[in-house]
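The opening residue of the sequence shown carries number 709 in my numbering; numbering runs sequentially from there.
Heads up: the structure comes next, in structure tokens.
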Amino acid sequence: LYLFACLASIETALPTITPLIIVFYFISLCMFGVIFFLLQIDLSCCLSESNMVTNVPQNAVKLKKWSDTAIKAASHLTVTQRQKIVEAGAIDLDWPIHIKATRVNDVESSSLPNSDDTQEVIVKNIHFQRHGQGYHNLLGNMYRELGNQIDMESKDPQKNPFIRPEIVDSPLTELGREESAAWREDASKLNPELVVVSPMCRAVQTAMIAFVDHRDRVPWVAHEGCREDLGVLVCNKRRCLSEIKNEFPFLDFSFVESGEEDSLWDPDDKECPVEKAKRVYAFLTDFIMKRSEREIAVIGHSGWLFNMCNAVIDCGDDENLKSWFLTSEIKSMRITFSKKK
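Here's what the structure looks like:
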């Protein structure tokens, strides 16, 4: 319409304007019209793209990315905690049964080989998951973001927020729930015949969200062998057993033997790396190895998992397996138990 109006004005002025000027005027108007038309198309595209972005629900994006603070903390802990394990002598312990781990993705076939008839070698696929972000993790991240260094051996709450009384058996934060939900699709593609959880609230909640598709299909067991560091750290103190049983009635608590009150947790004495390694080894060889199920999911804690992969299980040179688990992360391993001759 704009171009037609311009042409009409040119036609009216024809008697007084030279032909050359008329041509120039006409070309200029056409160019202006084309540019205006293109600008209108570009603007509509931008508006359309903007609407597409704003209309995407936030929970549609998989939360497998962690904050820079969390990643840096995990890298730092991989170095410092490994050094503590080495200094404590936990890495040189001699175990009667050799436990070897490889990533399931590295194995050509997902099917498990048959264990030998003499049971000298037992092979299982184990899916280890760390719980999602708990309130104690959030508190730790806030401390670090403010530039504070956390001393996990200190009994001063200004230096060690994990001993604060408010975070007994801390549950998942909203982010922790979202992190767990982000792994549901991956977990649904797994085929565990048994789900084993630490009796700590955050671990059970993580399993309930990530492995929800296996809730009514396989047994669910709570086991104290895969609890986090015992002692001192209040976030690792279990709540009353009766309270937990009422909250999670679908769980089998027959392997929780520390009584109504948490007798394993000592406010003055923290479990050392060697003691933890022995507890991890006992859990793997006395419980996991002897179970009839050949594919199992275990949902636990970062310190426990790190000790397992660096002091108990032979992970070879696989730094992916040996590194600190990030919140809600699942690592699937083919575990081979071999009795030493």
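We put the beta carbon where it would ideally sit given N, CA and C, even for glycine.
Contacts around residue i, its chain only, beta-carbon distance under 6 Å, and the 5 residues preceding and following it disregarded
{"i": "Lys1047", "result": "Ile805, Glu828"}
{"i": "Thr810", "result": "Arg1042"}
{"i": "Ala918", "result": "Ser888, Trp891, Arg892, Ala895"}
{"i": "Asp1022", "result": "Lys808"}
{"i": "Thr993", "result": "Ile805"}
{"i": "Asp776", "result": "none"}
{"i": "Leu1080", "result": "The requested residue 1080 does not occur in the structure, where the chain is confined to residues 709 to 1049."}
Supposed contact pair residue j and residue i - C-beta distance, whole angstroms, cut 8 Å
{"i": "Leu938", "j": "Glu1001", "result": "About 26 Å separates the two Cβ atoms, so there is no contact after all."}
{"i": "Ser1031", "j": "Thr786", "result": "5 Å"}
{"i": "Ala890", "j": "Asp921", "result": "In fact, because the Cβ distance is near 14 Å, the residues do not count as touching under 8 Å."}
{"i": "Ala930", "j": "Gly1008", "result": "Not really, about 11 Å apart at Cβ, beyond 8 Å."}
{"i": "Ile793", "j": "Ile799", "result": "5 Å"}
{"i": "His839", "j": "Thr914", "result": "4 Å"}
{"i": "Val1020", "j": "Lys978", "result": "That pair is no contact at about 19 Å."}
Secondary structure of residue i, DSSP reduced to three states
{"i": "Leu771", "result": "Its pLDDT being 47, under 50, Leu771 is placed unreliably by the model, and nothing is read from it."}
{"i": "Gly842", "result": "strand"}
{"i": "Thr1044", "result": "strand"}
{"i": "Lys1030", "result": "helix"}
{"i": "Asn849", "result": "helix"}
{"i": "Arg811", "result": "strand"}
{"i": "Ile858", "result": "coil"}
{"i": "Phe836", "result": "strand"}
{"i": "Ile952", "result": "helix"}
{"i": "Asp1022", "result": "strand"}
{"i": "Asp776", "result": "helix"}
{"i": "Lys867", "result": "coil"}
{"i": "Asp960", "result": "strand"}
{"i": "Lys1039", "result": "strand"}
Any non-hydrogen atom of the ligand COA closer than 7 Å to residue i Cβ
{"i": "Met1041", "result": "Judged by which ligands are present, the structure shown has none, so any question about the ligand COA falls away."}
Cβ-Cβ distance between residue i and residue j below 8 Å
{"i": "Leu880", "j": "Gln841", "result": "yes"}
{"i": "Glu1003", "j": "Asn813", "result": "no"}
{"i": "Asn1018", "j": "Lys984", "result": "no"}
{"i": "Gly1011", "j": "Glu936", "result": "yes"}
{"i": "Leu898", "j": "Ala1005", "result": "yes"}
{"i": "His844", "j": "Cys943", "result": "yes"}
{"i": "Arg852", "j": "Ala796", "result": "no"}
{"i": "Glu932", "j": "Glu965", "result": "yes"}
{"i": "Phe963", "j": "Leu949", "result": "no"}
{"i": "Met908", "j": "Asp877", "result": "yes"}
{"i": "Asp970", "j": "Arg946", "result": "yes"}
{"i": "Phe1033", "j": "Ile830", "result": "no"}
{"i": "Val926", "j": "Pro957", "result": "no"}
{"i": "Val982", "j": "Leu801", "result": "yes"}
Close-in-space but distant-in-sequence residues of the same chain around residue i (CB under 8 Å, 5 per side omitted)
{"i": "Gly848", "result": "Ala781, Ile858, Pro869, Phe870"}
{"i": "Met997", "result": "Ile805, Ile830, Lys832, Phe1045"}
{"i": "Val815", "result": "For Val815, the predicted model reports a pLDDT of 44, less than 50, meaning its position is unreliable and no value from the coordinates is stated."}
{"i": "Asp974", "result": "Leu938, Gly939, Val940"}
Close-in-space but distant-in-sequence residues of the same chain around residue i (CB under 7 Å, 5 per side omitted)
{"i": "Pro865", "result": "Ile871, Arg872"}
{"i": "Ser862", "result": "Asn868"}
{"i": "Leu1029", "result": "Ala809, Arg811, Cys1017, Cys1023, Lys1039, Met1041"}
{"i": "Arg790", "result": "Asn1018"}
{"i": "Asp1026", "result": "Arg811"}
Handout entry: Start-end ranges of the beta strand (DSSP E) lying completely within the region 962-1013, minimum 3 residues
Key = 1003-1008
Practice task
Could you name each continuous alpha helix (DSSP H) segment of 4 residues or more that falls completely within the region 874-941, going from the start of the chain to the end?
Solution key: 882-890, 892-896, 909-918
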